[in-house]
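One structure is given here, and the rest of the page talks about it.
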Amino acid sequence: MDKTAVVTTRIDSALVARLDSLGRDLDRSRAWLVALAIERLVAEESALIDAIRAGEADFAAGRTLSQTEVEQRFGIDRSKRQAA
Numbered sequence: 057m058d059k060t061a062v063v064t065t066r067i068d069s070a071l072v073a074r075l076d077s078l079g080r081d082l083d084r085s086r087a088w089l090v091a092l093a094i095e096r097l098v099a100e101e102s103a104l105i106d107a108i109r110a111g112e113a114d115f116a117a118g119r120t121l122s123q124t125e126v127e128q129r130f131g132i133d134r135s136k137r138q139a140a
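Residue numbering for the sequence shown follows this note's numbering, starting at 57 and increasing by one per position.
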């Protein structure tokens, strides 16, 4: 069985109301929804940090492309773009 820990936080009452409404709609507890939200946030932010670190490693190793090389690789023709 997984060990658990109690985490306490303060959140806006309007968000609590939305959370409770969602819980009723999904037949899930507030604690279940909060745990799911935290799990998703940690996964998403960890993936972002991993991607940034991989990009930094690529840059440090010289694995880069110029703007022109990117445009050629993806078939981008900037001459056809309209001025903003």
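Beta carbons are placed, not taken as given, at the ideal position from N, Cα and C, and that holds for glycine.
Please read these numbers as outputs of a predicted model, since none were measured by experiment.
Asked	Found
Of the residues 110, 135, 90, which one's Cα is nearest the Cα of residue 66?	90
Would you mind reading off the limits of the alpha helix (DSSP H) that contains residue 97?	86-116
Where does residue 121 fall in DSSP's three states?	coil
Is the CB-CB distance between residue 127 and residue 134 below 8 Å?	yes
Just to check my reading of the structure: residue 76 and residue 84 have Cβ atoms closer than 8 Å, yes? What is that Cβ distance to the nearest angstrom?	In fact, because the Cβ distance is near 10 Å, the residues do not count as touching under 8 Å.
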